[in-house]
Every structure is written in C-alpha cells, then in structure tokens.
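Student: These protein sequences, in sequence, are chains A and B.
Under my numbering, think of the first position of the first sequence as 931, with each following residue one higher.
Under my numbering, think of the first position of the second sequence as 931, with each following residue one higher.
By construction, the Cβ of each residue, glycine as well, lies at the ideal position given by its N, Cα and C atoms.
None of these values were measured; they are calculated from a predicted model.
Would you mind keeping the following structure in view while I ask a few things?
There are 2 protein chains.
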Amino acid sequence: MDSNFTFINGEYIPFGQSSVHVSDLIIQRGYAVFDFFLVRERVPRFLSDHLDRFIHSADLLDLHLSYSKEELAEIVAQLVAKNDIRNSSVKIILTGGPSTDDFTLSTDKSTLIVINKPFEVKWPEAWKNGASLITAKYQREVPEAKTINYIRSVSLSQKLAESGAAEVLYTDRNWVRECSRSNIFYVKDNCIYTPKTKMLAGVTRKRILGLKSYCIQEVDFKINELLAANEVFITSTTKGILPIVKIDSKIISNGKIGVVTNGIKKEIELS
Amino acid sequence: MDSNFTFINGEYIPFGQSSVHVSDLIIQRGYAVFDFFLVRERVPRFLSDHLDRFIHSADLLDLHLSYSKEELAEIVAQLVAKNDIRNSSVKIILTGGPSTDDFTLSTDKSTLIVINKPFEVKWPEAWKNGASLITAKYQREVPEAKTINYIRSVSLSQKLAESGAAEVLYTDRNWVRECSRSNIFYVKDNCIYTPKTKMLAGVTRKRILGLKSYCIQEVDFKINELLAANEVFITSTTKGILPIVKIDSKIISNGKIGVVTNGIKKEIELS
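Written out as structure tokens, the structure is:
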C-alpha cells in the first residue's frame, strides 16, 4: 500500500508521506468534508453522483473548491491509472486549509486530498442471514453535508464491535434519521419508506429512489413505525443493500430476509 | 515562526514540517481533543488546570494517552524552553491516531501534538467600552470535552467578523449554554450566574467560581433571563473577562460596563 500515491493540492505523494500541516483547519477545527466511493476493475462506481454530493457538501460549509467537477473526475482518473489497483476505494477530502489565526475560514484557500487504497468488499459471515442494528440518540450536525465529524460514531465503534451489529441507527426524539454510515429503509404492505430530512442523501439510496417498479416514499417516521415493519434494510457504498432482521433486542417481523429486500438487492447489485 | 519546534509523539519537528499522516483519525473522522493556554514571560498560565481538563477530554472520548500529567507538564516545559518565545500560546492536541480501517479507534494508539507559537493578547479597540454578542441555536456534541469539532463556529466566523461582535452565544431551545470559545456570566441584583450543564468548563470560569467575596451560582437559565440582566460578561483564556453590553440588537441594562464586572476583572487579572 505504501507504493500507492495520494493526490494533495496538485502533487502526487507516496502514501507513507501523505500528510497535512498542523495549521490546516481540518486539524485545528475539524473543518472538512469528504466523499468515498469504490473502484471496481479500475472503474470508479457512480463517480458523477459522488462528485455532485462532494461539491454540495463543500458549498454547505463555504469551502473554497478550486476545481470543477470535470477536473475532479480527471484527478481521480489519473490517480487510479497511476496506482493501477484492480479493486480499490477513493476518499476525496476538502479541508478549510491553513488559517493564520487557527480559526477564521479563508475564502481562497483549501486543501484537496485524494486517497486511493486497495479495497475488497467483504461482509462478515454472520450477516448472511440478515444483520442487526443498535440504536443511539443522535442528530448529526449539518446533516446534509458529509463532514468529517464522526465523533459520536467512532465513540460507539467499540460497543458496535462487541454487539456484533452491522450499524448504529441514529434517532432524534424518536425520529429515525440514518445509520452512522448508511441510509435506512423499511417495507410495510408492499411500500418502501425512507427518511426525507436531516440525514445524508446516500448514492445507493438515490438509486433505489429511481427504481420505477416499486412504491417508494421519502417520508420522516418514528422508531415505533420502523420496529413494526415487514422488512428493514440499510444501504451504503460498501454494504450495498444489507437486510436487517433485528434492531436492539427487537426481531423485525419473522426475523428472516424479506422478498422485497431481496428483489431490490438483485436489481441494484446487478445494475 | 518557522524556526519554532512542535512536539509530535516524542519528536521535536520544525513548525513548517509539522504534519499529521492522512490515516490519522483526526483527519479521517475529526476524532481528537485539545487544550490551549498562554505562556507569559515564558511561564505557562494555569497549566495544571488546563492539563486536568485535557486529560478529562481524552477520557470522555476513550483516547489512549500514554503520558501522565507530570510528563505532559515536562513536555510543555521543555518545548517552551527550546523555543524560548517571551509571550506565546500552547495548543496540545491528542488524536485517535492511525486506524487500519479509517474508522475503528485503537485502544493503544494516539498522536500527541504540542504546538507553541508567538502570541500577544490584543483586543480590538471597539471592545474598550464593552463588546457585543450574536446568538445562534446550537448545542455542542460531547459538551464537557474540548473536541476539535468547531464546524458550527467556523461556519459562523464570516458572519461574526461582519457583525463586529466578540463572540457567538449558543442557545438550545432557549437555554443559554456557552459562547463558541468562551463561557458566559450575568449579574442580577448583586448575584452572578453562569450555566451549570452542557458546556465546556473553562479555566477562567473556574477561577471566578473560586472567588469567595461574591455571590455566585452555577445554574442553567434561559435567554430572556440573560437579556434582563444588570450586567453580562464572557470569559476565556485569551479574552480574560470581557464585558458584554449588547446581545443581537438588545442593549444590556444601560449599555455600560457594570461595577461587578469591573470588580471581577480586576480581581482575576491581577491574580
């Protein structure tokens, strides 16, 4: 992995030496956004959607982005070609850049970092028959932007590992928002529901909303509605469509992977 | 400034080359805590209090700290001696360290960064007759820890600069918590009040609570109580005791610096 290169503000740096100066607002104030996508057989997946979201995240934080969408795509293409890894991931980060007083955001500075590493999608065997979630009370700040602030999520990583659950589901005064790194859906009486507001709009979520052959509604709902669902699943770039059969101690429906989930999974993963 | 050194995990690095690897959780997930204090005439101010708070912040985020309080004090002393700056600031940062999956917190890794830079306390002339605050709805996450997550605060930095106000006051469903980088106090009928919960306990705040000659209460209160105060002031490491005479468009009392504020200011700043 140390032979791979990282793109940092126009330069290709060996991964082992890829670092950010301490005066950058990402270090001083956690001020940065990112996006993350897979590269399969050397081809970035859903690049356009990820770059659109990345640019939107940067806008929401008033970050200065000196590259157009086309230039970003070109940077990704060149980095992926240079590193020449069959299956990999790309993380693209935009920071507030160096700040003279370690606080004020500059209108014309930022740091663009593009990291490309080997990545093979692999699920734990235990998730084969459906995975479980644990819940935590939390509302992400600036929920529509993919900021680097995962303090709550990382804090819970030990508890998550011990529980064997796939993800932490965030609820805010009983409203269901999203998981820490996935979107959530439920199926009830042949319609599919997913939260509409105060969460990050995932790229896999967007693809599901585009399926014409299903009844799908974006609507905010509470945890009791989710627990009474016929089927539940979560979606993310690395997890694809992951069936959920248990939330905390509550078994969803009969505890088996449902037919609608399986249908969606087939349509999305074959596309 | 580039001739100064930074301490990073046991090494002294010239400031210009002081950087953090991109795999560190401070960059991947904004996962880190810090503290900040002044060094006047080469002597760190209230070092013990700042180190206590730093260690408490690290605990709250389950961060691995491989140095004792005494060792941290020794690192600070050596760095300050080495850089030999008359008046300076010290920022001490503890990160989640490198993570193999860019997410999971290691139980035995972290990065300790100590930055020492020239720093002269200087207030804008406009604050001489009392400063103003603007308000924003916000509740900090993990409010008792000094995490690096200042996304809300930095986002507001442009608005703050344009307003000429000294600070942003955070309120959550009308409860007054703290300013973005200061604590808040008000005086009413010769008693002093400051919020008790869901905020960072400042070192200057602690010193005021220790003054025996005043009636001082830690108690949560709402914004309407603050606006009806006789006097308001904020406290921080760099601002000391800063009188506040206006909050948004509301003038506090007669718009002049009050006698209790002046008394407290004298006691604290001479001590």
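1. Starting from A:GLU1199, trace the alpha helix (DSSP H) in both directions and tell me its first and last residue.
2. Can you check DSSP and say which residues form a bridge with B:PRO1173?
3. If contact means a Cβ-Cβ distance below 7 Å, which residues of the region 931-956 of chain A contact chain B?
4. Within 10 angstroms of the Cβ of A:LYS1076, are there 16 or more other Cβ atoms? Answer buried if so, exposed if not.
5. Could you pull out every residue in the same chain whose Cβ sits closer than 6 Å to the Cβ of B:ILE1043, ignoring the five residues on either side in sequence?
6. Does the distance from the CB of A:TYR942 to the CB of A:THR1025 come in under 8 Å?
7. Using CA atoms only, rank isn't needed, just tell me which of B:GLY1193, B:ASP954 and B:PRO1028 is closest to B:SER1143.
8. By the criterion of Cβ-Cβ separation under 8 Å, what are the contact partners of A:ASP992 in chain B?
9. From the DSSP output, in three-state form, read off B:VAL1010 for me.
10. Quick one: what's B:ALA1061 bridged to in DSSP?
11. If we define contact as Cβ-Cβ less than 8 Å, is A:GLY960 a contact residue for chain B?
12. Along the region 1047-1081 of chain B, what residues have a CB closer than 7 Å to any CB found in chain A?
13. Within the 8 Å Cβ cut-off, does B:THR1041 reach chain A?
14. What are the uninterrupted segments assigned as beta strand (DSSP E) that are 3 or more residues long and contained completely in the region 977-1047 of chain A, given in chain order?
15. What residues of chain B sit near A:PHE1033, judged by a beta carbon separation below 7 Å?
16. So the candidates are A:LEU1035, A:ARG1016, A:SER1019 and A:PHE1115; which of them puts its Cα closest to the Cα of A:HIS994?
17. Counting only beta-carbon separations shorter than 8 Å, does A:ILE1027 have a partner in chain B?
18. What residues in its chain sit with their C-beta under 7 Å from that of A:PRO974, if we drop five residues either side in the sequence?
19. Return the chain-ordered ranges of every beta strand (DSSP E) run that is complete within the region 1068-1120 of chain B and spans a minimum of 3 residues.
20. Kindly say whether B:ILE1045, judged by its beta-carbon, lies nearer than 8 Å to any beta-carbon of chain A.
21. Rounded to a whole number of angstroms, what is the C-alpha to C-alpha distance between A:ARG1111 and A:SER1166?
22. When you compare only the Cα positions, how much space is there between A:TYR1116 and A:ILE1064?
23. Classify A:GLY1140: buried if its beta carbon has 16 or more other beta carbons within 10 angstroms, exposed otherwise.
24. According to DSSP, which residues form a beta bridge with B:PHE935?
25. Is A:ALA1056 helix, strand or coil by DSSP?
26. Figure out for me which residue from A:GLN1008, A:LYS1047 and A:GLU1004 has the closest Cα to the Cα of A:ASN1017.
27. Going by DSSP, what residue range makes up the alpha helix (DSSP H) through A:GLU1155?
28. I'd like the list of long-range same chain contacts for B:ALA1003, defined as Cβ closer than 7 Å, with 5 residues on each side in sequence excluded.
29. How many angstroms separate the CA atom of A:TRP1105 from the CA atom of B:ASN1104?
30. By DSSP's criteria, B:LYS1202 is part of a beta bridge. Which residues make up the other side?
31. Express the C-alpha separation of A:ASN1113 and A:ALA1066 in angstroms, rounding to a whole number.
32. Just curious, the beta strand (DSSP E) that A:ARG970 is in, first and last residue?
33. One question on the structure: do B:ILE1146 and B:ILE1182 come within less than 8 Å of each other, judged by their Cβ atoms?
34. Can you give me the C-alpha to C-alpha distance between B:ASN1120 and B:ALA1158, rounded to a whole angstrom?
35. Along the chain, where does the alpha helix (DSSP H) that runs through B:VAL1133 open and close?
36. Would you please state the rounded distance, in angstroms, between the beta carbons of B:THR1191 and B:GLU1161? I believe it to be under 8 Å.
Tutor: On the basis of the coordinates in this document:
1. Locating residue 1199 of chain A in the first sequence gives position 269, where the first residue counts as 1. Here the alpha helix (DSSP H) through A:GLU1199 covers 1189-1200.
2. Residue numbering aside, residue 1173 of chain B sits at position 243 when the second sequence is read from its first letter. According to DSSP, B:PRO1173 bridges with B:PHE1163.
3. THR936, SER948, SER949, VAL950, HIS951, VAL952, LEU955 and ILE956
4. Mapped onto the first sequence, residue 1076 of chain A falls at position 146. Buried, by the Cβ-count rule.
5. Position 113 of the second sequence holds residue 1043 of chain B. Counting only Cβ-Cβ distances below 6 Å, and skipping sequence neighbours, we find ILE938 and ILE1023.
6. As a first step, residue 942 of chain A must be located in the first sequence, where it is residue number 12. As a first step, residue 1025 of chain A must be located in the first sequence, where it is residue number 95. The answer is no: Cβ separation not under 8 Å.
7. Translated into positions along the second sequence, residue 1143 of chain B becomes position 213. The residue with the shortest Cα to Cα distance from B:SER1143 is B:GLY1193.
8. Against the first sequence, residue 992 of chain A aligns to sequence position 62. Within chain B, SER1085 and GLN1088 have C-beta atoms less than 8 Å from the C-beta of A:ASP992, given in sequence order.
9. Residue mapping note: residue 1010 of chain B aligns to position 80 of the second sequence, counting from 1. Looking at B:VAL1010 - three-state DSSP - the assignment turns out to be helix.
10. Residue mapping note: residue 1061 of chain B aligns to position 131 of the second sequence, counting from 1. B:ILE1174, per the DSSP bridge assignment.
11. Within the first sequence, the letter at position 30 stands for residue 960 of chain A. Chain B, which has a Cβ nearer than 8 Å to the Cβ of A:GLY960, makes this yes.
12. GLU1071, VAL1072, THR1077, ILE1078, ASN1079, TYR1080 and ILE1081
13. Position 111 of the second sequence, counted from the start, is the residue given in the question as residue 1041 of chain B. By this cut-off, B:THR1041 is not an interface position.
14. Qualifying beta strand (DSSP E) stretches, in chain order: 1018-1025.
15. As a first step, residue 1033 of chain A must be located in the first sequence, where it is residue number 103. Neighbours of A:PHE1033 on chain B, chain order: VAL1084 and SER1087.
16. Position 64 of the first sequence, counting from 1, holds the residue named residue 994 of chain A. Taking only the C-alpha atoms, the option nearest A:HIS994 is A:LEU1035.
17. The sequence position of residue 1027 of chain A within the first sequence is 97, counting from 1. Position check: residue 1027 of chain A holds Gly in this sequence, whereas Ile was assumed. No, its Cβ sits nowhere closer than 8 Å to a Cβ of chain B.
18. On the first sequence, position 44 is the one that residue 974 of chain A refers to. These residues qualify, in order along the chain: PHE967, VAL1006, VAL1010 and VAL1020.
19. As far as the region 1068-1120 of chain B is concerned, its whole beta strand (DSSP E) runs of at least 3 residues are 1097-1102, 1105-1109 and 1113-1118.
20. Within the second sequence, residue 1045 of chain B is the residue found at index 115, counting from 1. Yes, B:ILE1045 counts as interfacial toward chain A.
21. For this step, residue 1111 of chain A is matched to residue 181 along the first sequence. For this step, residue 1166 of chain A is matched to residue 236 along the first sequence. Distance between the alpha carbons of A:ARG1111 and A:SER1166 is about 7 Å.
22. Position 186 of the first sequence, counted from the start, is the residue given in the question as residue 1116 of chain A. Position 134 of the first sequence, counted from the start, is the residue given in the question as residue 1064 of chain A. Using only the alpha carbons, I get a separation of about 16 Å.
23. Position 210 of the first sequence, counted from the start, is the residue given in the question as residue 1140 of chain A. Exposed, since its Cβ has fewer than 16 Cβ neighbours within 10 Å.
24. Indexing the second sequence from 1 puts residue 935 of chain B at position 5. According to DSSP, B:PHE935 bridges with B:PRO944.
25. Locating residue 1056 of chain A in the first sequence gives position 126, where the first residue counts as 1. Reduced to three states, the DSSP call for A:ALA1056 is helix.
26. Counting from one through the first sequence, the residue named residue 1017 of chain A turns up at place 87. Checking every option, the nearest Cα to that of A:ASN1017 belongs to A:LYS1047.
27. For the purposes of this step, residue 1155 of chain A is identified with residue 225 of the first sequence, where counting begins at 1. Start and end: 1153-1157.
28. The residue labelled residue 1003 of chain B in the question sits at position 73 within the second sequence. Excluding residues up to 5 positions away in sequence, LEU977 and LEU981 lie with their Cβ nearer than 7 Å to the Cβ of B:ALA1003 in the same chain.
29. By 1-based counting over the first sequence, the position of residue 1105 of chain A is 175. By 1-based counting over the second sequence, the position of residue 1104 of chain B is 174. Taking the straight line joining both Cα atoms gives about 21 Å.
30. Outside the shown range of chain B (931 to 1201) lies residue 1202 of chain B, about which nothing can therefore be said.
31. The sequence position of residue 1066 of chain A within the first sequence is 136, counting from 1. The sequence position of residue 1113 of chain A within the first sequence is 183, counting from 1. Using only the alpha carbons, I get a separation of about 15 Å.
32. In the first sequence, counting from the first residue as 1, residue 970 of chain A sits at position 40. That run of the beta strand (DSSP E) goes 962-970.
33. Working through the second sequence from its first residue, we reach residue 1146 of chain B at position 216. Working through the second sequence from its first residue, we reach residue 1182 of chain B at position 252. Their beta carbons are not under 8 Å apart, which means B:ILE1146 does not touch B:ILE1182 by this criterion.
34. For this step, residue 1120 of chain B is matched to residue 190 along the second sequence. For this step, residue 1158 of chain B is matched to residue 228 along the second sequence. The alpha-carbon atoms of B:ASN1120 and B:ALA1158 are separated by roughly 14 Å.
35. For the purposes of this step, residue 1133 of chain B is taken as the residue at position 203 of the second sequence. From DSSP, the alpha helix (DSSP H) with B:VAL1133 extends over 1133-1139.
36. On the second sequence, residue 1191 of chain B is found 261 positions in, with the first residue counted as 1. On the second sequence, residue 1161 of chain B is found 231 positions in, with the first residue counted as 1. Indeed they touch by this definition, with Cβ atoms about 5 Å apart.
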